[in-house]
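Below you'll find the structure, written out as structure tokens, and then a few comments.
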Amino acid sequence: MKPKELLVFVEDQYCGILREDDHGKHSFTYDGTQPNPPQLSLSMPLRSEPWTGKPVEAYIDGVLPDERAIRSRIASLYDDVNANNPFSLLTAIGLDCAGGVQFVLPEHADSFRQDATLKPISEGEIARRLRGIAGTGGRSWQMNDEHWSLNGAQDKIALRFEHGQWFEALGSAATTHIIKPGISGYHEQAFNEYVCMKAIQKLGIPTATTDFRVFDGLPVLVSTRWDRRLIIRADGTTTIARIHQEDFCQATSHMTSEKYQAEGGPGAEEIAACIRDNALGNDSATLFLIALILNFLMAGTDAHAKNYAILEPIGARPTLAPLYDIASMHAYDTQYRQRKLAMKIGGENNYERIELRHWRKLAERTRIVDTGIMELLLTEYALKLPEAFHVAGEETLQLSKTVLGADDETRRNREKLVERIQQGINAQCRHVASWFWPES
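In full-length UniProt numbering, the protein residues as written are 1 to 440.
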């Protein structure tokens with residue numbers, strides 16, 4: 001029997017063919033008719049022989065939602081889609097994935113670009129969709145005519161925003177924003193992430209552009225996709241271009257189930273090696289170290305390998321993507337003893353046990369900076385972060401009160417949340433400062 005095939009496009013350029021054989025095994029072959037087709041993944045350099053095994057499986061697994069239950073909800077929308085088969089899922093939702101990749105059925109090769117429409121959606125309808133998927137809502141992230149896919153575990157939807165209007169992106173239309181209602185079980189988690197991202201932004205660190213909105217009474221975090229770019233044509237019309245990217249599980253051939261280092265996923269040393277081996281440059285390498293430091297100071301305990309990504313635009317050097325998905329556990333738990341970081345620092349991931357010697361060991365193992373520079377980075381952000389978070393907290397609380405019209409109870413809850421995070425950050429930064437100035 002002829003293997004099933006999906007044509008793979010990257011940034012609208014034909015890249016190669018993804019195949020599934022009779023045994024459910026997958027392979028990817030680059031297009032041999034062009035000398036330099038776009039590269040699908042850093043884990044699969046250009047070559048004439050097919051790629052098989054874990055690099056292929058990890059890549060296609062990584063463009064889908066993390067949770068099996070969410071994949072099952074998506075499959076339930078279609079007659080012949082198997083929730084346990086990434087290839088099968090991509091036949092239904094592979095037209096707008098993270099980065100510049102699109103998976104296209106061969107019979108649609110000549111028509112998929114034209115099969116792109118936008119359907120207006122109101123903020124009330126957005127809120128209803130988000131309430132339907134949040135927590136145990138049980139609905140698919142996508143509607144029947146939407147063919148986008150988002151990775152990650154948080155409930156979310158992807159939409160297009162242009163000319164002041166929200167749209168559902170149908171067919172192969174590109175989405176521009178990701179909207180999340182926050183993680184169920186963590187009070188005001190969307191607001192938490194918004195404040196943390198604003199604080200990091202005030203430090204001059206590249207971050208995803210985020211906004212905090214309330215749709216029909218539902219607070220949400222709106223993130224502008226950095227893997228999309230607005231193009232203005234000569235005639236004044238606009239279009240959305242895709243920019244290729246992948247996360248570090250895909251780039252290092254790790255399955256989504258291995259995203260945490262404790263579950264076999266890449267740690268800081270492996271990511272640093274990936275950055276170095278693929279010539280992402282010193283700025284990207286240093287940004288990764290800064291991200292580790294900020295997550296340590298802010299108790300951002302979920303900074304696993306899928307929460308770091310690489311931008312890989314065709315014809316340009318790959319770089320670390322802006323930081324994203326950072327929220328603080330200081331808001332929910334004052335007992336550090338049981339906290340574990342997603343990645344080990346110098347061999348240790350127990351939050352309370354990490355000391356200066358672990359950061360020195362990390363510097364030696366990652367070979368990005370020497371121990372002296374590592375110490376300078378630790379002191380710099382331990383000194384700067386408390387004030388940056390204070391300013392971000394004041395601004396976001398004012399926004400919540402004056403622009404978003406939060407009621408008294410909501411306002412008090414957000415004030416308490418910001419206060420708890422501030423206290424946790426201050427304490428952790430004092431602790432780090434005491435490594436260098438014992439009297440502090």
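Note that CB positions come from ideal geometry on N, CA and C, so glycine has one too.
Keep in mind it's a predicted model, so treat the numbers as computed, not measured.
Could you tell me which of the options sits nearest to residue i, measuring between CA atoms?
i, options, result
"E188", "A169, T207, L221", "L221"
"A299", "I271, N350, T207", "N350"
"C15", "L40, H26, K25, P65", "L40"
"I310", "E364, D110, W226, T366", "W226"
"Y260", "G171, A153, R233", "A153"
"D247", "I60, G24, F436", "I60"
"D155", "I70, N84, N278", "I70"
"T33", "A427, R47, K344", "R47"
"R129", "T91, A116, E348, A158", "A158"
"R414", "R19, S76, A392, A433", "A392"
"P266", "A342, A199, P35", "A342"
"R131", "D96, T210, V214, F87", "V214"
"I275", "G264, A262, E263, L289", "L289"
"P55", "L42, D211, S88, I231", "L42"
"F212", "I232, I200, N84, F191", "F191"
"A305", "G347, D277, G264, P318", "G264"
"I200", "R19, A406, L417, E387", "E387"
"G53", "D31, T210, Y194, M255", "M255"
"R317", "E20, D12, G281", "G281"
"W437", "A98, L362, Q398, E375", "E375"
"S27", "N36, K4, Q13, P35", "K4"
"E49", "R68, P65, T29", "T29"
"V418", "T396, A427, T402", "T396"
"N82", "N36, R228, G24, N426", "G24"
"P106", "D12, T402, I17", "I17"
"S111", "L203, I133, F389, D12", "D12"
Helix, strand or coil for residue i per DSSP?
i, result
"residue 442", "Outside the shown range of the chain (1 to 440) lies residue 442, about which nothing can therefore be said."
"W435", "helix"
"Q423", "helix"
"P386", "helix"
"A190", "helix"
"R160", "strand"
"T396", "helix"
"A406", "coil"
"E348", "strand"
"E355", "coil"
"I179", "strand"
"A153", "coil"
"G171", "strand"
"L105", "coil"
"L130", "helix"
"residue 455", "As displayed, the chain neither begins before 1 nor continues past 440, which places residue 455 out of reach and without an answer."
"L203", "coil"
Assuming residue i contacts residue j under a Cβ cut-off of 8 Å, what Cβ separation, rounded to an integer in Å, is found between them?
i, j, result
"P38", "I243", "Actually they are not in contact, since the Cβ atoms of P38 and I243 sit about 12 Å apart, beyond 8 Å."
"Y308", "A208", "Contact flag wrong, Cβ pair sits at about 12 Å."
"A285", "I368", "4 Å"
"V63", "V104", "Rounded, the Cβ-Cβ distance is 14 Å, inconsistent with contact."
"R339", "T301", "6 Å"
"C429", "A327", "Rounded, the Cβ-Cβ distance is 18 Å, inconsistent with contact."
"A234", "K344", "Contact flag wrong, Cβ pair sits at about 52 Å."
"L89", "A75", "7 Å"
"K361", "G372", "Rounded, the Cβ-Cβ distance is 14 Å, inconsistent with contact."
"L385", "L203", "7 Å"
Three or more beta-carbon pairs under 8 Å between the region 368 to 388 and the region 290 to 303, yes or no?
-> Taking 8 Å as the limit for Cβ pairs, the verdict is that the region 290 to 303 does touch the region 368 to 388.
Take every Cβ of the region 175 to 189, pair it with every Cβ of the region 105 to 123, and state whether three or more of those distances are shorter than 8 Å.
-> In short, these stretches do not touch, since the Cβ pair count stays below three.
Entirely enclosed beta strand (DSSP E) segments - the region 209 to 269, minimum 3 residues = Within the region 209 to 269, the beta strand (DSSP E) runs of at least 3 residues that lie entirely inside it are, in chain order, 210 to 215, 218 to 224, 228 to 232, 238 to 242, 245 to 247.
Can you list, in chain order, the stretches of the beta strand (DSSP E) that have 3 or more residues and sit fully within the region 267 to 343?
-> 309 to 311
The region 355 to 365 in contact with the region 159 to 172 per 3-pair CB rule at 8 Å | no
Enumerate, from N- to C-terminal direction, the unbroken alpha helix (DSSP H) stretches of 4 or more residues contained entirely within the UniProt domain "HipA N-terminal subdomain 1" (6 to 103).
-> 54 to 62, 68 to 75, 86 to 93
Is there contact here, the region 250 to 258 with the region 232 to 240, by at least three beta-carbon pairs under 8 Å?
-> Under the 8 Å Cβ criterion, the region 250 to 258 does not count as touching the region 232 to 240, having fewer than three qualifying pairs.
Would the region 216 to 235 and the region 180 to 194 be scored as touching if the rule is three or more Cβ pairs under 8 Å?
-> yes
Should the region 3 to 12 be called in touch with the region 78 to 96, which here means at least 3 C-beta pairs below 8 Å?
-> yes
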